[in-house]
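*Asks:* Sharing a structure, written as structure tokens. Questions coming.
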Amino acid sequence: MVAAAEAGEGLKQYYQQHIHDAQLHVRQKTHNLNRLQAQRNDLNSKVRLLKEELQLLQEPGSYVGEVVKVMGKSKVLVKVHPEGKYVVDIDKNIDITKITPSTRVALKNDSYVLHLVLPSKVDPLVNLMKVEKVPDSTYDMIGGLDQQIKEIKEVIELPIKHPELFESLGIAQPKGVLLYGPPGTGKTLLARENTYHCPRGRALT
Numbered sequence: 001m002v003a004a005a006e007a008g009e010g011l012k013q014y015y016q017q018h019i020h021d022a023q024l025h026v027r028q029k030t031h032n033l034n035r036l037q038a039q040r041n042d043l044n045s046k047v048r049l050l051k052e053e054l055q056l057l058q059e060p061g062s063y064v065g066e067v068v069k070v071m072g073k074s075k076v077l078v079k080v081h082p083e084g085k086y087v088v089d090i091d092k093n094i095d096i097t098k099i100t101p102s103t104r105v106a107l108k109n110d111s112y113v114l115h116l117v118l119p120s121k122v123d124p125l126v127n128l129m130k131v132e133k134v135p136d137s138t139y140d141m142i143g144g145l146d147q148q149i150k151e152i153k154e155v156i157e158l159p160i161k162h163p164e165l166f167e168s169l170g171i172a173q174p175k176g177v178l179l180y181g182p183p184g185t186g187k188t189l190l191a192r193e194n195t196y197h198c199p200r201g202r203a204l205t
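For the sequence shown, UniProt numbering begins at 1 and goes up steadily by one.
Given below as structure tokens:
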């Protein structure tokens, strides 16, 4: 009976070990399954985005035009280069209040329906010269450039502050000045001071 008990205990341990190994194997497979499902979901998302991008690329391009005149609530007169001027319909999803003369718009290639209001066209170089915050500084902080400061004031500030002087003399106002020289000679500093004194904005190049 002792031998039978020992055999039964050994068989029990054998099956317990097999059950433990099987459970460990199941956990590993479950972990791999979860990992593969996550990869599948990620790949499906990428495929969906690529399909949407491909669909957009396959769509015909739009004509870019400029609004000349708003004609009621559903039509506008648009100038398209080099084709000419057209009276076109406005897509129902477009807010008519955002459409004013000189607004850049996109027209569908096939129907010429106005379907998109575009941002104003701005030269990238102009954007680079914009100042987000007017610097709190003055010409008094610059030394050794008195002659240059005087010339900048005459060319840049005088036409803004006293345009009547140019009108009375019958001469055109200067468009700007060109600052040149090696790095570290004060060009950027002069431009900043000019921004402080002329917030209406004339660019120094």
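Quick reminder that beta carbons are idealized off the backbone N, C-alpha and C, glycines included.
How many angstroms separate the CA atom of residue 41 from the CA atom of residue 179?
*Replies:* Locating residue 41 in the sequence shown gives position 41, counting from the first residue. Locating residue 179 in the sequence shown gives position 179, counting from the first residue. Roughly 57 Å separates the two Cα atoms.
*Asks:* How would you write the range of the alpha helix (DSSP H) that residue 89 sits in, first residue to last?
*Replies:* Within the sequence shown, numbered from 1, the residue matching residue 89 stands at position 89. Segment 84-89 is the beta strand (DSSP E) holding residue 89; no alpha helix (DSSP H) there.
*Asks:* Name the two residues that bound the continuous alpha helix (DSSP H) containing residue 169.
*Replies:* For the purposes of this step, residue 169 is taken as the residue at position 169 of the sequence shown. Looking at the DSSP string, the run of the alpha helix (DSSP H) that includes residue 169 is 163-169.
*Asks:* What does the alpha-carbon distance come out to for the pair residue 65 and residue 45?
*Replies:* Counted from its first residue, the sequence shown places residue 65 at position 65. Counted from its first residue, the sequence shown places residue 45 at position 45. So the two alpha carbons sit approximately 35 Å from each other.
*Asks:* Considering just the uninterrupted stretch of the alpha helix (DSSP H) at residue 150, what are its terminal residues?
*Replies:* If you number the sequence shown from 1, residue 150 lands on position 150. That run of the alpha helix (DSSP H) goes 146-152.
*Asks:* So residue 68 packs on residue 89, CB below 8 Å; how close in whole Å?
*Replies:* As a working note, residue 68 is residue 68 in the sequence shown. As a working note, residue 89 is residue 89 in the sequence shown. Contact flag wrong, Cβ pair sits at about 15 Å.
*Asks:* State the Cα-Cα distance for the pair residue 168 and residue 139, rounded to the nearest angstrom.
*Replies:* Along the sequence shown, read from residue 1 onward, the residue named residue 168 stands at position 168. Along the sequence shown, read from residue 1 onward, the residue named residue 139 stands at position 139. Those two C-alpha atoms are separated by around 29 Å.
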